[in-house]
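Chains as they are written, first to last, in my numbering: chain A, -12 to 137; chain B, 348 to 632; chain C, 227 to 512. Just so you know, even glycine gets a beta-carbon here, dropped at the ideal spot from N, CA and C.
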Amino acid sequence: MICKKILTYAGYKNIIQLSAYAANVEDIMRIAIPVDEKNIKGNVCVSFGRAPYFMFYDTEKDKSDFINNSAANSQGGAGIKAAQIIVDNNADVLITPRCGDNAAEVLKAAYITIYKTKNNLIEDNLKNFKEEKLSLLTEIHEGFHGHGVK
Amino acid sequence: MKQLLILSGKGGTGKTTVAGAFIKLSNVKAYADCDIDAPNLHLIMEQGSKPENSDYYGLNKAVIDKNKCIKCNLCYENCRFDAINNCDGYEANIYDCEGCGVCEALCPSSAISLVPYKAGDMTLYRGYKVFSTAELKMGSGNSGMLVTEVKKKMRLASDADFSIIDGSPGIGCPVIASISGVSMVLIVAEPSLSGISDMKRIIETAERFNTKIAVCVNKYDTNTENNEKIKKFCKNNNIKFVGEIPFDKKAVEAVNNGLTIVDIDCAAGDAVRKVYKETIKILSN
Amino acid sequence: MKIAVLSGKGGTGKTFISVNLTYVADNSNYIDCDVEEPNGHLYFKPEIVKREKVYAKIPMVDKDRCSGCRRCVEFCKFNALAYIKDNVFVFEDICHSCGGCMLLCPENAITESDKDIGEISEGVFNNSTIYTGILNTGEETGVSIIKKLLNNIGDEHYTFIDCPPGSSCSVMESVKNADYCILVAEPTLFGVHNFNMVYKLVKLFDIPFGAVLNKCLAGENPAEKFCIENNIKILCKIPFENELGKLNSNAEIASQKKEKYLSLFSSLLKTIEEEVKNETAFDFKR
Chain A
-12 MICKKILTYA GYKNIIQLSA YAANVEDIMR IAIPVDEKNI KGNVCVSFGR APYFMFYDTE
48 KDKSDFINNS AANSQGGAGI KAAQIIVDNN ADVLITPRCG DNAAEVLKAA YITIYKTKNN
108 LIEDNLKNFK EEKLSLLTEI HEGFHGHGVK
Chain B
348 MKQLLILSGK GGTGKTTVAG AFIKLSNVKA YADCDIDAPN LHLIMEQGSK PENSDYYGLN
408 KAVIDKNKCI KCNLCYENCR FDAINNCDGY EANIYDCEGC GVCEALCPSS AISLVPYKAG
468 DMTLYRGYKV FSTAELKMGS GNSGMLVTEV KKKMRLASDA DFSIIDGSPG IGCPVIASIS
528 GVSMVLIVAE PSLSGISDMK RIIETAERFN TKIAVCVNKY DTNTENNEKI KKFCKNNNIK
588 FVGEIPFDKK AVEAVNNGLT IVDIDCAAGD AVRKVYKETI KILSN
Chain C
227 MKIAVLSGKG GTGKTFISVN LTYVADNSNY IDCDVEEPNG HLYFKPEIVK REKVYAKIPM
287 VDKDRCSGCR RCVEFCKFNA LAYIKDNVFV FEDICHSCGG CMLLCPENAI TESDKDIGEI
347 SEGVFNNSTI YTGILNTGEE TGVSIIKKLL NNIGDEHYTF IDCPPGSSCS VMESVKNADY
407 CILVAEPTLF GVHNFNMVYK LVKLFDIPFG AVLNKCLAGE NPAEKFCIEN NIKILCKIPF
467 ENELGKLNSN AEIASQKKEK YLSLFSSLLK TIEEEVKNET AFDFKR
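If you want it as structure tokens, here you go:
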């Protein structure tokens, strides 16, 4: 994770700043989660590409914001568009129950790590993440190749 | 939910006939007809509940406002799908239009807009079982998305841990969409050279996905030599062969009366029971 | 004179009928538009004289020219492009090859490369030309292959177009420029249900058509009933015969092997000629 963080901030030429970031990496995490409603006490959405909303949680500020997922109504390539949204909103990590291969490719290229949810409660998953109890999402399903997510 | 998908490659081998029998035998709580181009499953499955119909909107399609059109011909020149007719004013052909938006983006007089277009009808039966089906309006592309929507509706059967899907012929878009995420594909082959050629291509398509594959032969006795060829092919390629069903005139009678082949007493019905048993063994492992 | 053979339901006998008509017409063209599962070539075993690959255009982004404006990503209706870490990613399997991104890029940073999606072959059988299109497995749609197959086919000979099953865009593409359509029906409930769909399609395209009832058994024929009720001309009724089934399953051309089928198809061809003369502007003298 430390290496990834330095890469992400490669624009910073100032070495001191870099090491400052590296030291505090555990505290500076922006976590994305696909959710069913705009409420941190709510549920994680079973689909990534067509989730109605995305929640972005800032670990340092302990604050979350929600945005509508404009990819949800896409005819095709929803996973790709959703992944683009996650990238554009500067997430470091995505916690999701599932993810298609095209979306995973986008996230991988942006150095965003994908974790698998443990249950369907947002708060539980955030807690599990902080306690390092979540595992990486290894089963990337074949995308629906432009046809929408199940 | 474990999903069993029934495909064939070639049309007319008996997918729907086998699917109908399997649905009856398994008493499955969720099933779908993903042959949205030519759905037939509803003709042999008795529906206990009222149908819930909904519209399916596919890609938006281009519409040209003739009043704003300045006949610059840019849309015609740049449409990759030959969807612009320019003989009598400019018009977008809804059957050829893929909704790419190039014409809309290029039009200097904003005469073109992309509007929602109904591409199909979805029907859902929600009684003791959930049956999801749809029919694509003719000439529509993008059938894959509709297939995905049809499959999605089966999730409404929250207590179903197993579902059966009747697929479509071919190897293209709707077939690929139907294979995505299923636990097992059962290919219903027929013992003809065309059938064998098509079977090989659908197997090749299915193998791209992480799914179990098995083959059965319908109307096997119409050409026992070709039937043996299929069995040999399966053996040589490590594909499970789950059985053979004889050609049975009574099967046609059953279907014409809106029944499955296990609703009547016939040789095809007896054989499909064995195929079903073998298929479930593989699915459950 | 282009004659399309279609059915709605698969397995009704489109290939069987178009292959045999090609045989009896001789000096004709056969075009296999069922590019997902082409079968006609199995019957003809044509001597191949030409092969041509079919390509789809896929965008390629020149990183040095790309300014990161993301216009291409925002434009793509299919979401086939993504912008990550100063790079535009192209998802080939989603791309519809519309060329929009290339046209709209303000820096002219996008060009196109060819992706192999299938092949067309041209072959010879007796005095007829056999055209076969085949889509690579894993590809979504063969419409561009069908378009290519039907390009530049003249009217001086009979051309029999073997259509894909269903009534989707592939079928429409195969049928749209046909002069006459043969709708093939089988005597089952499924057959009639799907026959209705292609019946609507040919009416929509305003192409004259007639029906061939295949695999006819004794007793009530729901397809015949449908044709009578809707005033559809029945061109021919082909009985279900084990012998015929056997020939077909071995990809043998029935009218080549048996006199009675040669006679049946010669007669069908004559009927079609008459119908075409009456229904179209063609007075086709072979």
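Name the chain A residues whose beta carbon is nearer than 7 Å to that of residue i?
i: A308 (chain C); result: I67, A70, Q71 and V93
i: L540 (chain B); result: Within chain A, no residue comes near L540 (chain B); the closest Cβ sits about 30 Å away, beyond 7 Å.
Can you pull the chain B residues whose beta carbon is under 7 Å from the beta carbon of residue i, in chain order?
i: G191 (chain A); result: Outside the displayed range of chain A (-12 to 137) lies residue 191 (chain A), so it cannot be described from this structure.
Along chain C, in chain order, which residues have C-beta atoms closer than 7 Å to that of residue i?
i: C447 (chain B); result: K303, H322, C324 and G326
i: A38 (chain A); result: Going along chain C, no residue has its Cβ under 7 Å from A38 (chain A), so there is no contact; the nearest lies around 15 Å.
i: V80 (chain A); result: Simply none; closest approach about 16 Å.
i: V74 (chain A); result: I310
Between which two residues does the alpha helix (DSSP H) holding residue i run?
i: R302 (chain B); result: Summary: the structure shown does not reach residue 302 (chain B), with chain B confined to residues 348 through 632, and so no result is reported for it.
i: M423 (chain C); result: L415 to L430
i: P448 (chain C); result: P448 to E455
i: Y378 (chain B); result: Unbroken run through Y378 (chain B) is the beta strand (DSSP E), A377 to D380; no alpha helix (DSSP H).
i: N246 (chain C); result: K240 to A251
i: V74 (chain A); result: A65 to D75
i: D111 (chain A); result: I109 to K117
i: N89 (chain A); result: D88 to A96
i: D617 (chain B); result: A614 to S631
i: I370 (chain B); result: K362 to S373
Under 8 Å Cβ-Cβ, which residues of chain C neighbour residue i?
i: N60 (chain A); result: Within chain C, no residue comes near N60 (chain A); the closest Cβ sits about 11 Å away, beyond 8 Å.
i: C434 (chain B); result: Neighbours of C434 (chain B) on chain C: none; closest Cβ ~15 Å, over 8 Å.
i: A97 (chain A); result: I310 and K311
Note down the Cα distance separating residue i from residue j, rounded to an integer number of angstroms.
i: G358 (chain B); j: N632 (chain B); result: 30 Å
i: L606 (chain B); j: L427 (chain C); result: 29 Å
i: K476 (chain B); j: G519 (chain B); result: 29 Å
i: T358 (chain C); j: C389 (chain C); result: 12 Å
i: K341 (chain C); j: A404 (chain C); result: 29 Å
i: V462 (chain B); j: G446 (chain B); result: 9 Å
i: D111 (chain A); j: I82 (chain A); result: 12 Å
i: V622 (chain B); j: L540 (chain B); result: 22 Å
i: F351 (chain C); j: E273 (chain C); result: 7 Å
i: L453 (chain B); j: Y281 (chain C); result: 25 Å
i: Y406 (chain C); j: K472 (chain C); result: 30 Å
i: T360 (chain B); j: V602 (chain B); result: 14 Å
i: I575 (chain C); j: P465 (chain C); result: Within the shown structure, residues of chain C are numbered from 227 to 512, placing residue 575 (chain C) beyond reach of any answer.
i: K402 (chain C); j: R548 (chain B); result: 27 Å
i: G436 (chain B); j: C419 (chain B); result: 11 Å
i: S339 (chain C); j: D88 (chain A); result: 23 Å
Based on the DSSP output, what are the partners of residue i in its beta bridges?
i: Q350 (chain B); result: B:S510
i: L329 (chain C); result: Bridge partners of L329 (chain C): none, in fact.
i: E278 (chain C); result: C:I346
i: P398 (chain B); result: B:Y472
i: P285 (chain C); result: C:E338
i: L81 (chain A); result: A:A19 and A:I101
i: S51 (chain A); result: A:Y44
i: K559 (chain B); result: B:M531
i: V564 (chain B); result: B:A536 and B:E591
i: G436 (chain C); result: C:I408
i: G467 (chain B); result: B:Y403 and B:L483
i: A439 (chain B); result: B:I431
Which residues in chain C have a C-beta closer than 9 Å to the C-beta of residue i? List them in chain order.
i: G528 (chain B); result: The premise fails here: G528 (chain B) is roughly 16 Å from chain C at the closest Cβ pair, so nothing lies under 9 Å.
What residue range does the beta strand (DSSP E) around residue i cover?
i: G359 (chain C); result: S354 to L361
i: M485 (chain B); result: Counting along the chain, M485 (chain B) falls outside any beta strand (DSSP E), and DSSP gives it neither H nor E.
i: K228 (chain C); result: K228 to L232
i: L199 (chain C); result: Residue 199 (chain C) falls outside the range modelled here, since chain C spans only 227 to 512, and no answer is possible.
i: A409 (chain B); result: K408 to I411
i: I417 (chain B); result: First-last for I417 (chain B): undefined, no H or E at that position.
i: S460 (chain B); result: I459 to V462
Mind pulling the chain A residues with CB within less than 8 Å of residue i?
i: L406 (chain B); result: Q62
i: V299 (chain C); result: Q71
Anything in chain B within Cβ reach of residue i, meaning under 9 Å, just list it in chain order.
i: A251 (chain C); result: Near A251 (chain C) there are no residues of chain B at all, since even the closest Cβ is about 21 Å away, more than 9 Å.
key: Uninterrupted beta strand (DSSP E) stretches inside the region 378 to 412 of chain C (no shorter than 3 residues)   = The qualifying runs are 385 to 388 and 406 to 411.
task = Write down every uninterrupted run of the alpha helix (DSSP H) in the region 580 to 612 of chain B whose length is 4 residues or greater and which is fully enclosed by it, in chain order.
result = Entirely contained in the region 580 to 612 of chain B, the alpha helix (DSSP H) runs reaching 4 residues are, in chain order, 596 to 603.
Every unbroken alpha helix (DSSP H) within the region 497 to 551 of chain B, with a cutoff of 4 residues, ordered by chain = Fully enclosed alpha helix (DSSP H) runs of 4 or longer: 520 to 526.
inquiry  = Runs of 4 residues minimum, wholly inside the region 465 to 495 of chain C: which ones carry the alpha helix (DSSP H) assignment?
reply    = Correct list: 468 to 475 and 480 to 483.
message = What are the residues in the region 101 to 124 of chain A lying within 9 Å of chain E by C-beta distance?
response = Here the protein chains are A, B and C, and chain E is not one of them.
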